[in-house]
Structure formats: structure tokens, C-alpha cells
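My numbering puts the first residue of the sequence shown at 265, with every later residue one more than the last. First comes the structure, then the notes that go with it.
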Amino acid sequence: MRAVDKLDLRVADGEFLVLVGPSGSGKSTALRMLAGLEDVDEGSVLIGGRDVTTEAPKDRDIAMVFQSYALYPHMTVAENMGFALKLQRLPKARIAERVAEAARLLDLTPYLDRRPRALSGGQRQRVAMGRAIVREPSVFLMDEPLSNLDAKLRVETRANITALQSRLGTTTLYVTHDQVEAMTMGHRVAVLRDGVLQQCATPRELYDRPGNTFVAGFIGSPAMNLVTVTVGDDGALLADDLVVPLPRGAVSGPEVVLGVRPEGLRLVGEGGLAMTVQLVEELGADAFVYGEAMINGAAKRIVVRVSDGALPAFGETVRVALREPHRVHLFDPATGVRNP
Ligand SMILES: Nc1ncnc2c1ncn2[C@@H]1O[C@H](COP(=O)(O)OP(=O)(O)OP(=O)(O)O)[C@@H](O)[C@H]1O
Ligand SMILES: [Mg+2]
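As C-alpha cells, this is what we get:
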């Protein structure tokens, strides 16, 4: 098996591209190939039009930020940040200048003389960023740089990194397994599964028009409801008395996978589909109601977003209907590919 297979990605100059996928999908491997830390068996890696496939990591004009920041414990923040420049034999004054500038950008100026062990997790993360910034590379590669931070700090740092990236305008490839991080940070998001690129598009496009059932289920939380149903003359049959009309000729086979996001469903007084409530997740502004419904003869787990009105109780039977029947997602049951 290949860790990464036929990955064809073009990252625009100045773009922030996020690679997202489950654990083991080949994200780190792809990034390490770009960095030159992993060999490429087939194909090539180009940076700014220059073929760097056989170039050593240090000649690729990239800077990498890892999940483990790997700061040198015996060096100060300033020394950590300037170390790569020292190796490049830059004059001391130039190093000090660049370190000061990066420290200013990252709010690290007060900490320049401290050692890493006297910093918080978030501050260490910023030092790791600083080490990459001072090198003024043409590309940043970041592999889950926020995974060591707690939830609140992660959200803050997320915003800081995107702001910094747009200020510097440096082309950035950012790896995460967190789809929320991907959607909020990326200009475009590339979804990987088992080393194979599933779709690369803007966050909006991924959400509104997922290219296959994997992307449909992976992007968005809670996940899109996906059910395989029989296609009749009038449309997709959810139950004996419940048909979702489909555009004429939209589906050729006897079955289709129907996808509806939780916000595409609503609770209704009558009609719709009967669902037994199994869990109510109240989030303040809205709530998610999970339950089981008989669809096409089989019990299916369904989730509905409820943003107003009373919430049902556990065990209650509610009725669920589509908000906009013409806006369901359709996928091929054999291949999972979106039906345009
Ligand atoms: N050095 C290696 N030798 C052989 N297989 C490897 C090696 N490194 C990774 N793999 C395999 O390649 C696949 C992709 O691994 P990779 O580390 O790129 O995944 P990932 O998407 O970064 O996952 P995670 O989110 O867990 O970091 C996995 O199946 C992994 O077991
Ligand atoms: Mg990884």
C-alpha cells in the first residue's frame, strides 16, 4: 500500500492550503515529501516552478513547524529563533534584527531571554513559529502545530496563525486531522483518505457540494445524514408514504444515497418521518436531536438541528421533514461519487 498515492496538488502563491484527513491518511507523509524528508517514488515536487524533487531539505527554501516544537532547552527564546540563521552564517546584527521582528509579530518580545521550560505551551508554540518565520522561506509547512494546546488556546492560536499568514503572504501548507481547524483556516482544503486525494476546494464548496460520501461525512459536525434509498417513479422512497422528488433523470440506478445536513431537517407537527429520540444535545443557541427512524425498511440514525421551539424528550417520537426537498445531496451508492 502507498502512504500517499498520485497526489496532484497545486498551491497558489500566498495561499493557505490545509491538508485534512483521518489518522493514517498520509498527511504527514505528503508534507514530509514536500520538505524533502521523505523520498518521492514517482512524480515531482515543484516550488515556485522550480523542480526540487531531488534537492536536499535545506535547499528547498521551506520552513517546517512540527507538532512537537522540539525547542532546544538550553537556548534562550532568541537563540532558538535565530539558530537556523546562525547556521547560515548571517551577520549577528541581521540575526538580531530578524529575531526582534518575528518576536514583535508573535508577541514574544518580553520572553526573548527566557528558556523554553519557563514558557507556557502557547508561548512555546509561538517560538516554534518564530523559528520558521525568521528564515523568511517561500513556503511554510506546518504539521498539526496546535495539537499540544488546550482547546481555548487552540482557537486563539488558530486566529493568530491565519492573521500572521495573511500579513506575511507566505504560501502555507497546513496539516490537521481537525475538520473545524481546516474549515476555519484554509483558503482551500484538501481532503485525504488512505493516501488518496478526495477533493480540494474552498471550505464553502466542500460543505455545500461535497464530491463524495467520504467528504460529505467528514466535513461538518455533526456529520451529514446519509441514507441509501430506493428510487421509484416519483423520486426517492424514504418510506411507503414519503417520497423525495428528484429532478427527472437525476438518478439512473435503482438506488441512490441521499445526503441531508442536520440543518436541512426540521421537526414538524405532522407528516414527515417518525423518529424516536435517543439523545438531545443542547448547545445554547441551538440543539441537535439524535434519533432512530425507519428508512426504506431499515432503522437509521438521524440527527436534526433544532434552533427554535421546544425540544423533545428522550424516548419521545417526533416527526422529521426536509426543509428544502430540492436541496438534498445525491451520491452513487456503488462509488460514493456525487451525482451532479
Ligand atoms: N516510515 C514509515 N514506514 C512505513 N509506513 C509508514 C511510515 N510512516 C508512515 N507510514 C504509514 O503511512 C500511512 C500514512 O501515515 P502518515 O503519518 O502520513 O499519516 P497522517 O495522516 O499524518 O496521520 P496522523 O493524523 O495520525 O498524523 C500510515 O498508514 C502509516 O502507517
Ligand atoms: Mg501526521
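Every residue gets a Cβ at the ideal spot worked out from N, C-alpha and C, and that includes glycine. Quick caveat: nothing in here was measured; it's all calculated off a predicted structure.
Sixteen is the threshold: since fewer than 16 other Cβ atoms of the shown chains lie within 10 Å of the Cβ of residue 371, the residue is exposed.
Not one heavy atom of ligand 1 sits closer than 7 angstroms to the Cβ of residue 270. Between the region 427-436 and the region 266-274 there are fewer than three inter-stretch CB-CB distances shorter than 8 angstroms, so the stretches are not counted as touching. With fewer than 16 neighbouring CB atoms inside 10 Å of its own CB, residue 278 falls in the exposed class. Counting only the Cα atoms, residue 451 lies some 13 angstroms from residue 443. When distances are taken from the beta-carbon of residue 267 to the heavy atoms of ligand 1, the shortest one is below 7 angstroms.
Shown here for residue 491: same chain residues with a beta carbon closer than 6 angstroms to its own, the five before and five after excluded, namely 522, 559, 564 in chain order. Ranked by how close their Cα comes to the Cα of residue 539, the residues 292, 556, 291 have 556 in first place.
The beta carbons of residue 340 and residue 368 sit no closer together than 8 angstroms. One Cα belongs to residue 364, the other to residue 447, and the distance between them is close to 32 angstroms. Beta-carbon to beta-carbon, residue 459 and residue 471 are separated by about 24 angstroms, too far to satisfy the 8 angstroms threshold. Judged by their CB atoms, residue 388 and residue 438 are not nearer to each other than the 8 angstroms cut-off.
The beta carbon of residue 418 sits closer than 7 angstroms to the beta carbons of 410 from its chain, once the five residues preceding and following it are set aside; these are given in chain order. With a threshold of 7 angstroms, the Cβ atom of residue 411 does not count as near ligand 2, since no heavy atom of the ligand is closer than that.
The C-beta of residue 534 has fewer than 16 other C-beta atoms within 10 Å across all chains shown, which makes the residue exposed.
Of the other Cβ atoms in all chains shown, fewer than 16 fall within 10 Å of the Cβ of residue 601; this residue is therefore exposed. As DSSP reads the structure, residue 583 sits in a beta bridge with 532, 538.
In this structure, residue 405 lies near residue 298, with their beta-carbon atoms less than 8 angstroms apart. Cβ neighbours of residue 351 within its own chain (closer than 8 angstroms, five residues either side excluded): none. Collapsing the DSSP output to three states places residue 315 in a strand. Within 10 angstroms of the beta-carbon of residue 578 lie fewer than 16 other beta-carbons, which makes it exposed.
Membership of residue 295 in the alpha helix (DSSP H) is indicated by the continuous run 291-299.
Nearest neighbour of residue 576 by Cα position, chosen from 553, 414, 585, turns out to be 553. Counted as a single uninterrupted DSSP element, the stretch harbouring residue 556 is not any alpha helix (DSSP H) but the beta strand (DSSP E) occupying residues 551-559.
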